[in-house]
Amino acid sequence: MPKNRGVAEQLRQQRIEKQRVAHKPIAAAPNIYLQILGNGCPGGPRSVFVFTDISRYLFNCGEGTQKLCQENKVKMPKMKQLFFTSPKWENIGGLIGYLLTLQDTGVPELQINGHKSILQLFDITRGFTHLDLINLNSNNGLEFCDEVMKIQYVILNRNDCASGTAATKRVRLNNETIPQDAVISYICKPHPKPGKLSPKRCVEIGVSPGPLFAKLKAGEEVTLGDGRVVKPTDVLGPSEISPTFIILECPSDDYLDSFLSADEFRPYQTGEDALQHELVSLIIHITPKQLYNSAKYRVFLNKFPSKTVHLVLCEENTYELSVAVYRTQYRLNLIHDEVFPLLPRSKDVGVAALTRYNIRPHEGLDCEAIIKIVPQEYLDEAKTAPDFDAVLSDLKDRLARVEINEQREYPVVTFLGTGSAIPSKDRNVSSILMAIKPNAYLLFDCGESTWSQIVRHYGVEEAKNVLRNLKCVYVSHMHADHHLGLITIIKERTNLGIETNLRIIGPTNLAVWLKKYSGVFESIDFDFSYCGNFRNDTEELPVSNFETFTDIGIDRISTCCVPHCRDAYGVRVDISGYSIVYSGDTRPASSLVELGQGCDLLIHEATMEDGLEEDALTKAHCTTSQAIEIGRQMNAKFTILTHFSQRYCKLPNVDEAIFEKGRVGCAFDHMQVSPKHLKMLPHIYPMLKCLFAEHFHRMTLRTSNVVKKAQQKEQQNLEEGIKAYETAQYASNIFQTV
0 MPKNRGVAEQ
10 LRQQRIEKQR
20 VAHKPIAAAP
30 NIYLQILGNG
40 CPGGPRSVFV
50 FTDISRYLFN
60 CGEGTQKLCQ
70 ENKVKMPKMK
80 QLFFTSPKWE
90 NIGGLIGYLL
100 TLQDTGVPEL
110 QINGHKSILQ
120 LFDITRGFTH
130 LDLINLNSNN
140 GLEFCDEVMK
150 IQYVILNRND
160 CASGTAATKR
170 VRLNNETIPQ
180 DAVISYICKP
190 HPKPGKLSPK
200 RCVEIGVSPG
210 PLFAKLKAGE
220 EVTLGDGRVV
230 KPTDVLGPSE
240 ISPTFIILEC
250 PSDDYLDSFL
260 SADEFRPYQT
270 GEDALQHELV
280 SLIIHITPKQ
290 LYNSAKYRVF
300 LNKFPSKTVH
310 LVLCEENTYE
320 LSVAVYRTQY
330 RLNLIHDEVF
340 PLLPRSKDVG
350 VAALTRYNIR
360 PHEGLDCEAI
370 IKIVPQEYLD
380 EAKTAPDFDA
390 VLSDLKDRLA
400 RVEINEQREY
410 PVVTFLGTGS
420 AIPSKDRNVS
430 SILMAIKPNA
440 YLLFDCGEST
450 WSQIVRHYGV
460 EEAKNVLRNL
470 KCVYVSHMHA
480 DHHLGLITII
490 KERTNLGIET
500 NLRIIGPTNL
510 AVWLKKYSGV
520 FESIDFDFSY
530 CGNFRNDTEE
540 LPVSNFETFT
550 DIGIDRISTC
560 CVPHCRDAYG
570 VRVDISGYSI
580 VYSGDTRPAS
590 SLVELGQGCD
600 LLIHEATMED
610 GLEEDALTKA
620 HCTTSQAIEI
630 GRQMNAKFTI
640 LTHFSQRYCK
650 LPNVDEAIFE
660 KGRVGCAFDH
670 MQVSPKHLKM
680 LPHIYPMLKC
690 LFAEHFHRMT
700 LRTSNVVKKA
710 QQKEQQNLEE
720 GIKAYETAQY
730 ASNIFQTV
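Here it is as structure tokens:
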């Protein structure tokens, strides 16, 4: 869960003080390497992480970047410099979620480099984000330099500029705003590493071992007792020059003439103007594969040394970006192969996620850490769980005895994101895909990386088919974790040549946000309906609200206000005699009970565990028991719990007794259910505890501590309230006596 403002501010002050105290001069970073976080695959970001001992740098922050950082132990708070090759959603789609998390961890400031227009993103998202505890700065120059490296910007325009050549326009940009459709390449030159200190030479000229040695190593001059000044060059060996690397984006052949004529590249290419000690060793291309393989692009590539390594971030690369997702799904598949289907494997590899290129101390490509999916390893791990065979056998016996009276194949509900607030390696943020019938889909909420989850669940080609047949997206409210994946869905449909606009139902501010984005960054088209127009307590609903969905088999869509935030709604969808209710985020709500009376399936948030009722009330969420009680009150035939706190990323903390009545189940990412599967879900919790035994043990201990602290806080508040009341009564009695 995001931390409250008081905690975030306290962490912020601690980081500021730590930076002030810990700062000390360092001559040069001993270690420098680049790592591919996102390889540009369908649904994945094209993000590059640069590590040094002194600073960290991130190039582009598309959707899913934060999740990849967390899973791969990349320390986000240490990345204070962000660079962007263009202000397209593919590069900035993960930035809002990324910054919200940094703010919660107390990061005091961060600098945006490249397109200054990216700062407008924070202006147009103020309706649903609050980033007032982190200072966001921009670099107004056309280069960046710190104690680690110098980074030169190369601004490149389309070939069809209104007037003048691309080259002349580039020169003119030195003192002007970078055009919105321009792309920026970054030429990165690490500073030379100072040579080794010669203790012998130091002694010869009178420098005593100790602090003076350290200063000379750090590149500082020192003054001896007799007044002589010793320079670092007097006692250091020759500097070590590290290779230059380039990160560039060429989105289409419209930009190729600019790349071919750019003077800034010439010192790093072969030819008369080349500087032999600065020839580039690595280029990362954010470029479509077809363009990269074209004859004209080859002309650009051939200008660089033959030894230059080229890494291409493109859609042809493998979409296997996470070990954790596959490990979990292979385990769950042992329980039931329809409810937990195996995820399709990527046929292509190309540049794998976590590919690394070492700059210093040793140069070269390093594939040691790349993502590798090893199914047998995950199955073997599962089978080592305590009593695995016995528990699995018992589960199979239980499932064999379950009477399946319902044979409906549709609707099919696929859970794409079942975690709250921020993504974790096991649970993405909110999104649920419902297949109403073959080739007719509806999305309930669309958190960051929803498209990535669809690709991972179905494979690339079938995922495209889902998009072609996606009829509507319903967004329950304006919290960022419920809608930041929507722009990618809209754009991917456009890329597929789908001419009909996507129908969106949501809060008014959702349309405001999408229109502002379209006006500032890039044009996106959609059809919008306000969710309040579907309220079940409205006497006359517009006929169009029903006619719009009859073609896809939906009889009726109804909504109700729920207590969470402004314009938060629950929804009911009736489909040919079958009804599904989705709560969105909410406290226990009588309005939802009324809306959902007699529904077949209730999908309800259960963010908090039992014992945290006060916390749930404060944050306008439900505990597990509260969610189940809502299902009981509305006579829902079945309830599936979702939107779990990321404290329970593998397994939600639920009392097993709730499953005894056979009408409750827990959602997992990539869980897929139709009406015939629902009766199986209450029986699988013991097997889940077995598969995730280590996590369950840690969770139980943590839960005990969390609940204990909550109870202590509640008792403290009660005592303070009683004390305040008694003080007020005492003062009142004195006043009356006087």
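Note that numbering that gives the first Met the number 0 numbers the sequence shown so that position 383 is 382, with each residue one more than the last.
Glycine is no exception: its CB is placed at the ideal position from the N, C-alpha and C atoms.
Residue closest to residue i, alpha-carbon to alpha-carbon, out of the options
i: K395; options: T222, M679 and N134; result: M679
i: R751; options: I657, P651 and L155; result: The first residue shown for the chain is 0 and the last is 737, placing residue 751 beyond what the model contains.
i: L135; options: M148, L155, Q151 and Q102; result: Q102
i: E314; options: G349, A479 and L391; result: G349
i: N532; options: Y516, T507, Y329 and V390; result: T507
i: R534; options: V572, S517 and F212; result: V572
i: T499; options: V519, A479, I523 and G484; result: I523
i: I553; options: L501, M433, N156 and K371; result: M433
i: L740; options: L57, R45, E89 and H682; result: Residue 740 falls outside the range modelled here, since the chain spans only 0 to 737, and no answer is possible.
i: V663; options: S85, A323 and I602; result: I602
i: C471; options: R502, G496 and E460; result: R502
Residue i versus residue j - alpha carbon distance
i: Y267; j: V279; result: 5 angstroms
i: G418; j: E219; result: 51 angstroms
i: K675; j: V401; result: 11 angstroms
i: Q671; j: F339; result: 6 angstroms
i: I486; j: S241; result: 40 angstroms
i: V373; j: I154; result: 42 angstroms
i: Q328; j: H669; result: 8 angstroms
i: L130; j: L98; result: 8 angstroms
i: L466; j: G458; result: 12 angstroms
i: L10; j: H335; result: 44 angstroms
i: V182; j: F48; result: 19 angstroms
i: G661; j: L333; result: 21 angstroms
i: I177; j: I111; result: 14 angstroms
i: P587; j: K424; result: 29 angstroms
i: L109; j: M78; result: 8 angstroms
i: E604; j: G194; result: 60 angstroms
i: E319; j: T64; result: 14 angstroms
i: L342; j: V412; result: 16 angstroms
Unbroken beta strand (DSSP E) run spanning residue i, endpoints
i: P189; result: V182 to P189
i: I123; result: Where I123 is concerned, there is no enclosing beta strand (DSSP E), although the alpha helix (DSSP H) it sits in stretches over Q119 to I123.
i: F48; result: V47 to T51
i: I603; result: Looking at the sequence provided, one finds His at residue 603 rather than Ile. Taken as a continuous stretch (DSSP letters only), the beta strand (DSSP E) holding H603 covers L600 to E604.
i: A439; result: A439 to C445
The ligand FMN heavy atom lying under 8 angstroms from the CB of residue i
i: D573; result: The ligand FMN is absent from the structure shown, which contains no ligand whatsoever.
Helix, strand or coil at residue i according to DSSP, with G and I counted as helix
i: A165; result: The predicted position of A165 is uncertain, since its pLDDT is 44 and thus under 50; no value can be drawn from it.
i: Y409; result: coil
i: A434; result: strand
i: L662; result: At residue 662 the sequence reads Arg, which differs from the Leu that was named. Coil at R662, not helix or strand.
i: I245; result: strand
i: R330; result: helix
i: E239; result: strand
i: K192; result: strand
i: G531; result: helix
i: Q179; result: coil
i: I453; result: helix
i: R789; result: This structure cannot settle anything about residue 789, because the visible part of the chain is limited to 0 through 737.
i: L640; result: strand
i: C471; result: strand
i: I403; result: coil
Range covered by the alpha helix (DSSP H) that runs through residue i
i: A213; result: P210 to K216
i: L485; result: L485 to N494
i: D388; result: F387 to R400
i: M686; result: Y684 to L690
i: T507; result: T507 to V519
i: D379; result: P374 to K382
i: E461; result: V459 to R467
Beta-bridge partners of residue i, as assigned by DSSP
i: T307; result: Paired residues: none, contrary to the question.
i: I31; result: T51 and R359
i: G416; result: S430
i: E142; result: Q151
i: M78; result: R55
i: F525; result: L501
i: H476; result: None, per the DSSP bridge assignment.
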